[in-house]
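Heads up, the thing below is written out as structure tokens.
Number of protein chains: 2
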Amino acid sequence: MSTIITQTSLDNGLTVVHQEMPWLSSVSFTLLLAYGAAHDPKGYEGATSVLHDWLFRGANGLSSKEISNSLDSLGTRRGGGTGKEVSTFSGSCLVSSFDESLKLFALSLSQANLADDEFNSAKLLAQQELESLQDSPSQLLFRQLSKEYFASSHSNSSYGSAEGFSNLNAKYLKNLAKKLVSPQGAILAVAGGISNEKVIATVNKYFAAWQGQKVPTNTLKLHKPTQKHINQDSSQVHIALAYPAITPKQDGWYENALAISVLSGGMGARLFSEVREKRGLVYSVSAFSRVLKTHGYTMAYAGTTPDKADKTISVLTDELRNISKGVNQNELERARIGLLSQLVMQGESTGSKASNLANDYYLIGRNRSPQEIKESLNNISLEQLNEFLKTCNPEFRILSLGPKEIKKVEL
Amino acid sequence: MSTIITQTSLDNGLTVVHQEMPWLSSVSFTLLLAYGAAHDPKGYEGATSVLHDWLFRGANGLSSKEISNSLDSLGTRRGGGTGKEVSTFSGSCLVSSFDESLKLFALSLSQANLADDEFNSAKLLAQQELESLQDSPSQLLFRQLSKEYFASSHSNSSYGSAEGFSNLNAKYLKNLAKKLVSPQGAILAVAGGISNEKVIATVNKYFAAWQGQKVPTNTLKLHKPTQKHINQDSSQVHIALAYPAITPKQDGWYENALAISVLSGGMGARLFSEVREKRGLVYSVSAFSRVLKTHGYTMAYAGTTPDKADKTISVLTDELRNISKGVNQNELERARIGLLSQLVMQGESTGSKASNLANDYYLIGRNRSPQEIKESLNNISLEQLNEFLKTCNPEFRILSLGPKEIKKVEL
Numbered sequence: 221m222s223t224i225i226t227q228t229s230l231d232n233g234l235t236v237v238h239q240e241m242p243w244l245s246s247v248s249f250t251l252l253l254a255y256g257a258a259h260d261p262k263g264y265e266g267a268t269s270v271l272h273d274w275l276f277r278g279a280n281g282l283s284s285k286e287i288s289n290s291l292d293s294l295g296t297r298r299g300g301g302t303g304k305e306v307s308t309f310s311g312s313c314l315v316s317s318f319d320e321s322l323k324l325f326a327l328s329l330s331q332a333n334l335a336d337d338e339f340n341s342a343k344l345l346a347q348q349e350l351e352s353l354q355d356s357p358s359q360l361l362f363r364q365l366s367k368e369y370f371a372s373s374h375s376n377s378s379y380g381s382a383e384g385f386s387n388l389n390a391k392y393l394k395n396l397a398k399k400l401v402s403p404q405g406a407i408l409a410v411a412g413g414i415s416n417e418k419v420i421a422t423v424n425k426y427f428a429a430w431q432g433q434k435v436p437t438n439t440l441k442l443h444k445p446t447q448k449h450i451n452q453d454s455s456q457v458h459i460a461l462a463y464p465a466i467t468p469k470q471d472g473w474y475e476n477a478l479a480i481s482v483l484s485g486g487m488g489a490r491l492f493s494e495v496r497e498k499r500g501l502v503y504s505v506s507a508f509s510r511v512l513k514t515h516g517y518t519m520a521y522a523g524t525t526p527d528k529a530d531k532t533i534s535v536l537t538d539e540l541r542n543i544s545k546g547v548n549q550n551e552l553e554r555a556r557i558g559l560l561s562q563l564v565m566q567g568e569s570t571g572s573k574a575s576n577l578a579n580d581y582y583l584i585g586r587n588r589s590p591q592e593i594k595e596s597l598n599n600i601s602l603e604q605l606n607e608f609l610k611t612c613n614p615e616f617r618i619l620s621l622g623p624k625e626i627k628k629v630e631l
Numbered sequence: 221m222s223t224i225i226t227q228t229s230l231d232n233g234l235t236v237v238h239q240e241m242p243w244l245s246s247v248s249f250t251l252l253l254a255y256g257a258a259h260d261p262k263g264y265e266g267a268t269s270v271l272h273d274w275l276f277r278g279a280n281g282l283s284s285k286e287i288s289n290s291l292d293s294l295g296t297r298r299g300g301g302t303g304k305e306v307s308t309f310s311g312s313c314l315v316s317s318f319d320e321s322l323k324l325f326a327l328s329l330s331q332a333n334l335a336d337d338e339f340n341s342a343k344l345l346a347q348q349e350l351e352s353l354q355d356s357p358s359q360l361l362f363r364q365l366s367k368e369y370f371a372s373s374h375s376n377s378s379y380g381s382a383e384g385f386s387n388l389n390a391k392y393l394k395n396l397a398k399k400l401v402s403p404q405g406a407i408l409a410v411a412g413g414i415s416n417e418k419v420i421a422t423v424n425k426y427f428a429a430w431q432g433q434k435v436p437t438n439t440l441k442l443h444k445p446t447q448k449h450i451n452q453d454s455s456q457v458h459i460a461l462a463y464p465a466i467t468p469k470q471d472g473w474y475e476n477a478l479a480i481s482v483l484s485g486g487m488g489a490r491l492f493s494e495v496r497e498k499r500g501l502v503y504s505v506s507a508f509s510r511v512l513k514t515h516g517y518t519m520a521y522a523g524t525t526p527d528k529a530d531k532t533i534s535v536l537t538d539e540l541r542n543i544s545k546g547v548n549q550n551e552l553e554r555a556r557i558g559l560l561s562q563l564v565m566q567g568e569s570t571g572s573k574a575s576n577l578a579n580d581y582y583l584i585g586r587n588r589s590p591q592e593i594k595e596s597l598n599n600i601s602l603e604q605l606n607e608f609l610k611t612c613n614p615e616f617r618i619l620s621l622g623p624k625e626i627k628k629v630e631l
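Heads up: the protein sequence lines correspond to chains A and B, in order.
Letter by letter, the first sequence follows residues 221 to 631 of the numbering used here.
Letter by letter, the second sequence follows residues 221 to 631 of the numbering used here.
As structure tokens, this is what we get:
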């Protein structure tokens, strides 16, 4: 079942994207704001991450505890997080709780208390989360890889830095919040058993008075291809890599999605079958896309034992490179049905629907219907896909973490 | 929207549980078999876990690669895993792929090749997964806590043991499979956009010929309350504990669910607010229920810094104990709406619906309708809940992991 996606713009710059799923009793919403970790000023890494927590610690006279209790009383689950370019604040609840839930979100974003004692708690937790990375080698690795990949502030992650937290104080962050927390460029996506009329009326009631500045964007820059190693006394060797791909606005977006699916989409996909099943090299291997507004990239991960690390990095990079030699008709069909099935299943969940609506609009300035995506995928011939793949020449940024250096591969 | 749940028994002992969700184009299914890690023979820990992987590595003349490729061609996502008492094999796909997907699952379970070379790959991966636990302190901790909690073979986890893997060979596991992989006591739960008639016809077509023995059950035994510490050079201190609670068949099941929700259900819940928000002691804290057929227990986890570990264990155990002094009306209402909202949202997803249908039938021998659960939760008064809570006296089994011993608390 598929229904219409509508976009409505408020005068303050907020865009409301909505899709009704009239057979459901629940509704999910994602509020996407146009700032993220890349907006952390130099020396204040982690600022936007602390802000994400701080905003919901009391608003308009309500205390932090009162906001939490009110959301609990509505049965509303809150989620979201700080990305590189955007911050998301999401909720899921019964349709009957939508009005009150949205009110609490609007208050928190437009009239947050931003009290000093709550700043301290939020910062303390963010610091602890950064420290806890030491016990999670694969997450630590991805945070570090980001620094080897991006030469601009896009290298920042939501974990922040020890230096950033030590410099950060409530006054500084309150000033930063004035510049960043804004309806301009923001998107509120809503999906579930609620009509467009009701959504727009509710959003107007609570969000229309919200005002803010235009959020600046930072130019994205990359480092050159590289391979580095982090010595750590871990039991396994963790390998992560990244290389440039394309954005949803560029030609070849669907071809790229099919290629990633051939590599890592299903149980018979190349990485799983060549690296894991056939050679037993790793207990975990995958490749996936990451997309920013002006840049798309592919990341891959493999976890293995120290004695198999050299072989793993060779096979992994070979497989990623070999895709440029083309795929066969069976691989294309498996990848296509995999993506089409996913499309249907994600379309049945309010949570992933709301999140996809917000991201799609953020990335390409409009929403693609499931029908449009389906047709685009179905229209790609094997010849067309393989022509595209010939142009794919991955330029790796590789980072490994483990008890000893691993083999250097061609970059 | 709520539709009828039907149960159908096959002559071979397999029970089919089905709920139609006619507004959906996808379908999910969970096949629950009546054996789990607790059935690993002594000295062969990890056997059922290797078996879970091995079963899907080829059947009825099809190779492992052919099975994987076929499932990919259908757009079917496979999941599941090895629990303590049960093993699950689950899938999600478009309704149009249901027939062929179910056929592949039936072949894999009733006519698996169980080839020697595939055994070696499956065992190698399971061994690597066990080794990788060393880099994941919190998961390692829960595996070890299981050994401190259960005195019977229920202490086994799906990770197995190094000794178990070294003893295990293909011939031994093939014999074990004959005793364990059986339709007797097995449950196939199906939820999604497919009619009961179609489901039963498909199941009969592919599963009716499957035969097997009755799977024995092991008597469950617990160790006495205890507190132990694992010295490991981690950056954080990880604390886990477990204590007996009740099963879904016992009176007080809903009261217990409400109590866990008061402790850990939402953002204003006691653990989150007392341990995390108010005192900033931990970056992560939670409590949750685990249910076996004849035993229910509550587990809790907290991750903190070494200097805050003593305070954290005190506050955590105090909060868990204090619940016996009762909750207030507001807490009850927040917990109730939280559980009711969850019930609706889980009921809208085919995956969690199928999994819940299988578990419910396994645990209590029937399926509770959402309406029944809703009424049961709504009928509980504050007085009734607090009377129940008076009888709750947690007897802790506590395990911590970190660079140094932590404070001993009252057990």
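Quick reminder that beta carbons are idealized off the backbone N, C-alpha and C, glycines included.
Please classify residue i: does DSSP put it in a helix, a strand, or coil?
i	result
L501 of chain B	coil
E240 of chain B	strand
F370 of chain B	strand
V457 of chain B	strand
L365 of chain A	helix
A477 of chain B	helix
S375 of chain B	helix
I287 of chain B	helix
I407 of chain A	strand
R496 of chain A	helix
Between the options, which has its C-alpha nearest residue i's C-alpha?
i	options	result
N340 of chain B	A:V236, A:A428, A:K498, A:T514	A:K498
A529 of chain A	A:H515, A:R496, A:E551	A:R496
K610 of chain B	B:N542, B:T570, B:N598	B:N542
G546 of chain B	B:Y517, B:G486, B:E475, B:A522	B:E475
G485 of chain B	B:V629, B:L560, B:A462	B:L560
A462 of chain A	A:E351, A:S620, A:A258	A:S620
With which residues is residue i paired in a DSSP beta bridge?
i	result
N333 of chain A	For N333 of chain A, which the question treats as bridged, DSSP gives no partner whatsoever.
Q227 of chain B	B:V237
Y517 of chain A	A:P464, A:R510
N451 of chain A	A:G622
C612 of chain B	Its beta-bridge partners do not exist; DSSP assigns none.
V247 of chain A	A:C313, A:G412
S307 of chain B	B:L253, B:T302
L282 of chain A	A:A279
Return no unless some Cβ of chain B is closer than 8 Å to the Cβ of residue i.
i	result
Q348 of chain A	yes
E497 of chain A	yes
I557 of chain A	yes
N289 of chain A	yes
L344 of chain A	yes
K513 of chain A	no
Just checking: is the beta-carbon of residue i within a distance shorter than 8 Å of some beta-carbon in chain A?
i	result
W430 of chain B	no
D292 of chain B	yes
W243 of chain B	yes
G486 of chain B	yes
E553 of chain B	yes
K610 of chain B	no
Y503 of chain B	yes
K624 of chain B	no
Say whether chain C places a C-beta atom closer than 8 Å to the C-beta of residue i.
i	result
D355 of chain B	Absence of chain C from the displayed structure is noted, the protein chains being A and B.
Task: Contact residues within the segment 247-280 of chain B, judged by C-beta distance below 7 Å to chain A - done: none
Open item on the list: Give me the subset of the segment 522-534 of chain A whose CB atoms are less than 8 Å from a CB atom of chain B, sorted by chain position.
Closed with: G523, T524, T525
- [ ] Below 8 Å between beta carbons is the criterion; list the residues of the segment 298-323 of chain A that meet it against any residue of chain B, in chain order.
- [x] R298, S312, C313, L314, S317
Open item on the list: Using a Cβ-Cβ cutoff of 8 Å, what residues of the segment 383-410 of chain B are near chain A? List them in chain order.
Closed with: none
Open item on the list: Along the segment 564-594 of chain B, where does the CB come closer than 7 Å to a CB of chain A? Name the residues.
Closed with: V564, M565, E568, S569
Open item on the list: If the cut-off is 7 Å on Cβ atoms, which residues from the segment 447-459 of chain B count as contacting chain A, listed in chain order?
Closed with: S454, S455, Q456
Task: Residues, ordered as in the chain, of the segment 357-383 of chain B that lie near chain A by beta-carbon distance below 7 Å - done: P357
Task: Members of the segment 227-243 of chain B near chain A, C-beta cut-off 8 Å - done: W243
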